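Peer 1: Before anything else, here's the structure in question.
In this note's numbering, the protein residues as written are 1 to 382.
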């Protein structure tokens, strides 16, 4: 037995109690460079009244209010606050975090769409987003129309129906890298009271500020450039303040949460994202320019190249370019496209590039893109 001084004098505690109770808190003036990692399922309260106050505040989606680990800890709240302020770029925004970028997309769609609604989605959207729209959204009675990513806001306006609730953009588009007139589309959508959402994977807030363009929500696949080390899976949705509660409630009802360790790794990656993005830009452009002069290459799909069809739009809206792009091999003398076997030989003949999905980490990757099944409006071979 050990004696400790309590409010009423000396009290005895057993070793068993000491093992459980001691070392859980420490009052100190020490301030570390990074926020400590908070790992928690249970959250403790000073009283039942305090517990109820935290529950009520978390129901309202208030930052810093939590009654359970899935709602938030200091580590996850710090990450959410940073994301909202950085991606929001001065616009009042809130952020929710999910265990993957795809979960960020699906949670957002479920938060704002209901049976009978109509959704407009760019034809160059991320492949798994297309699968979700064709699958689960379709089964829920939510209809999707795919639109040409090079469409003008005026032509896109003709596709709006009475039940249209959202336009889902991705600029540049997956694989084919079309740049959309996002400010023009957002202005048109506001006139029809249609919500606009963008997948900001490629530009990240280093090179793209979607809320300055007028979007209502931005999806961030944090797995990519934010992490930077290919070792964390996470996604986020940043929304304007007026759209926050539906997203927060849906995220909670679906049980979306991330652990403190992953949140801390993401905060660590964030410290160097600006420096890393500058090098991504530099290296990718150097390779893209080299490929443009190779006789085997028919086209390089990189928005920062003057040869890109929407280069002027990219220059107007973006502050830089990231490390992801595509290129097409030239047809042969008989106008035949390269066979899958020939494309595979190119990938297998690499020296420094790895073969793998994803991007945005420290390693260089190459992978053949077979997008024929991922387009509905504009046909693509492969």
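For every residue, glycine included, the Cβ atom is placed at its ideal position computed from N, Cα and C. Here the structure is a predicted model, which is why all the values come from computation and not from measurement.
Candidates 289, 302, 104 and 66: which alpha carbon is nearest residue 41's?
Peer 2: 66
Peer 1: Taking only heavy atoms of the ligand NAD into account, decide whether any of them is closer than 7 Å to the Cβ of residue 346.
Peer 2: Absence of the ligand NAD from the depicted structure is noted, as is the absence of any ligand whatsoever, leaving it without description.
Peer 1: First and last residue of the beta strand (DSSP E) that includes residue 248?
Peer 2: Careful: residue 248 lies outside any beta strand (DSSP E), inside the alpha helix (DSSP H) at 244-253.
Peer 1: Can you tell which of 22, 180, 86 and 320 has the C-alpha that lies nearest to the C-alpha of residue 280?
Peer 2: 320
Peer 1: Closer than 8 Å by C-beta to residue 227: which residues in its own chain qualify, once you throw out the five before and the five after it? Chain order, please.
Peer 2: 234, 265, 266, 269, 360 and 361
Peer 1: What is the rounded straight-line gap between the Cα of residue 92 and the Cα of residue 83?
Peer 2: 12 Å
Peer 1: For residue 153, decide whether its Cβ has a neighbour in chain B, counting only Cβ atoms nearer than 8 Å.
Peer 2: Included in the structure is just one protein chain, with no chain B present.
Peer 1: Measuring alpha carbon to alpha carbon, tell me which of 217, 22, 78 and 30 ends up nearest residue 260.
Peer 2: 78
Peer 1: Could you check what DSSP says for residue 98 in three-state terms: helix, strand or coil?
Peer 2: strand
Peer 1: Just how far apart, CA to CA, sit residue 316 and residue 21?
Peer 2: Note on geometry: alpha-carbon atoms of residue 316 and residue 21 lie some 59 Å from one another.
Peer 1: Check whether the stretch 99-119 touches the stretch 155-168, counting contact only when three or more Cβ pairs, one atom from each stretch, lie closer than 8 Å.
Peer 2: Yes, the stretch 99-119 is in contact with the stretch 155-168.
Peer 1: Buried or exposed: residue 180, going by 16 or more other Cβ atoms within 10 Å of its Cβ?
Peer 2: So residue 180 counts as buried.
Peer 1: What ranges does the beta strand (DSSP E) occupy inside the stretch 155-189, keeping only unbroken runs of at least 3 residues that lie completely in it?
Peer 2: 164-170
Peer 1: Starting from residue 119, trace the beta strand (DSSP E) both ways and give me its first and last residue.
Peer 2: From DSSP, the beta strand (DSSP E) with residue 119 extends over 118-122.
Peer 1: For residue 168, I'd like the list of residues in its chain whose CB is within less than 6 Å of its CB, leaving aside the five on either flank, ordered along the chain.
Peer 2: 121 and 197
Peer 1: Using CA coordinates, which residue listed in 318, 375 and 64 is at the minimum distance from residue 183?
Peer 2: 318
Peer 1: Using the Cα positions of residue 236 and residue 89, report the straight-line distance between them to the nearest angstrom.
Peer 2: 16 Å
Peer 1: Closest to residue 219 by CA distance: which of 87, 56, 369 and 70 is it?
Peer 2: 87
Peer 1: Could you tell me the alpha carbon to alpha carbon distance between residue 98 and residue 80, rounded to whole angstroms?
Peer 2: 11 Å
Peer 1: Spell out a yes or no on whether the stretch 247-257 and the stretch 93-113 are touching, meaning 3 or more CB-CB pairs, one atom from each, closer than 8 Å.
Peer 2: yes
Peer 1: Excluding sequence positions up to five away, which residues of its chain have a Cβ less than 7 Å from the Cβ of residue 172?
Peer 2: Hits under 7 Å: 178, 179, 202 and 303.
Peer 1: With a threshold of 8 Å on Cβ separation, who are the neighbours of residue 394 within its own chain once the five nearest residues in sequence on each side are excluded?
Peer 2: Outside the modelled stretch of the chain, which goes from 1 to 382, sits residue 394, for which no answer is possible.
Peer 1: Measure the C-alpha to C-alpha separation of residue 144 and residue 138 and round it to an integer number of angstroms.
Peer 2: 8 Å
Peer 1: With 16 other CB atoms within 10 Å as the buried threshold, where does residue 275 fall?
Peer 2: exposed
Peer 1: Ordered along the chain, which non-local residues of its own chain (more than five positions away) have a Cβ less than 6 Å from that of residue 50?
Peer 2: none
Peer 1: Just how far apart, CA to CA, sit residue 368 and residue 75?
Peer 2: 38 Å
Peer 1: Tell me the residue span of the beta strand (DSSP E) that contains residue 146.
Peer 2: 143-147
Peer 1: Hey, how far is the Cα of residue 52 from the Cα of residue 258?
Peer 2: 24 Å
Peer 1: Would you decide whether residue 373 is buried or exposed? Buried here means 16 or more other CB atoms lie within 10 Å of its CB.
Peer 2: Exposed.
Peer 1: Is residue 382 helix, strand or coil by DSSP?
Peer 2: Here the model assigns residue 382 a pLDDT of 48, short of 50, so the residue's position is not dependable, and the following value carries that caveat. DSSP places residue 382 in coil when its eight states are reduced to three.
Peer 1: Are residue 297 and residue 325 touching if we call contact CB-CB under 8 Å?
Peer 2: no
Peer 1: Please go through the same chain and pick out, in chain order, the residues whose beta-carbon is closer than 8 Å to the beta-carbon of residue 329, but skip the five residues on each side of it.
Peer 2: 296, 297, 298, 337, 338, 342, 343 and 346
Peer 1: So, residue 101 versus residue 17, is the Cβ gap smaller than 8 Å?
Peer 2: In this structure, residue 101 keeps its C-beta atom at 8 Å or more from the C-beta atom of residue 17.
Peer 1: With H, G and I counted as helix, E and B as strand and the rest as coil, what does DSSP make of residue 236?
Peer 2: strand
Peer 1: Less than 8 Å between the C-beta atoms of residue 156 and residue 185, yes or no?
Peer 2: yes
Peer 1: List the residues that DSSP assigns as beta-bridge partners of residue 203.
Peer 2: Per DSSP, none; premise fails for residue 203.
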